[in-house]
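Just so it is clear: in the sequence shown, position 124 is 132 by my numbering, and no numbers are missing. Positions of the beta carbon are idealized from the N, C-alpha and C atoms, including for glycine. From a predicted model like this one, the values you see are computed outputs, not experimental measurements.
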Amino acid sequence: MPKIQTYVNNRVFDGINNIMTERQIEGMPDVSISSVSSMLLELGLRVYELQKEKKESGFNQREFDKTVLEMTSKSNALNSHILKLLCALAEKTEIQHESYSDILEKVRAYSQQKMDSLFSEVSDENNKPID
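And the structure:
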């Protein structure tokens, strides 16, 4: 096995020692600075290679987010327009129906309930509600 000798700052050294201590407490007696350093180097190398692949793949998170937001906005506008047309049609034909504002309020409440159930940890961690 090849040998690598390197110098690290105190923060990194303390972090390696903390990992060693944790592993010894977990019952792993054969923990050493060398084994922990090797593990961290392997993990760091994997992260580096994944980031490099991500850059080479051409995937752009910002463009993806922009496209999703654009499509969501268009869908929202279209749904709103269709709902207004249906409410107007129901009024002209004198069919009993809920008002547009009542429907919107129910949709907002339902949406907020779903968002709260999916992202409750985020709002709990930040100690503030999600807007």
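task: Starting from the C-beta of Asp38, find all residues in its chain whose C-beta is less than 8 Å away, skip the five residues before and the five after it, and write them out in chain order.
output: none
field: Pick from Ser40, Ser45, Lys62 that is closest to Ile6, judged by C-alpha positions
entry: Coverage of the chain is limited to positions 9 through 139, which leaves residue 6 absent and any answer about it impossible.
message: Suppose contacts are defined by Cβ-Cβ distances below 8 Å. Is Ala96 in contact with His105 by that definition?
response: no
query: Can we say the segment 44 to 64 touches the segment 11 to 28, given the rule of at least three CB pairs closer than 8 Å?
result: Contact between the segment 44 to 64 and the segment 11 to 28 is present, because at least three Cβ pairs lie under 8 Å.
- prompt: Between the C-alpha atoms of Asn26 and Asn68, what's the straight-line distance to the nearest angstrom?
  reply: 37 Å
message: Tyr108 and Leu93 - do their beta-carbons sit closer together than 8 Å?
response: no
- request: Using three-state DSSP, classify Val115 as helix, strand or coil.
  value: Here Val115 carries a helix assignment [DSSP, helix/strand/coil].
message: With distance defined between alpha-carbon atoms, name the residue in Arg54, Lys122, Asp73, Leu49 nearest to Val20.
response: Relative to the Cα of Val20, the nearest Cα in the group Arg54, Lys122, Asp73, Leu49 belongs to Leu49.
- prompt: So, helix, strand or coil for Gly23, using DSSP?
  reply: helix
- prompt: Any heavy atom of the ligand ZN within a distance shorter than 7 Å of the CB on Asp38?
  reply: Of ligands this structure carries none, so the ligand ZN is not represented either.
task: In the DSSP assignment, find the unbroken alpha helix (DSSP H) run with His89 in it and report its ends.
output: Start and end: 69 to 100.
query: Could you give the distance in angstroms between the alpha-carbon of Met36 and the alpha-carbon of Asn87?
result: 59 Å
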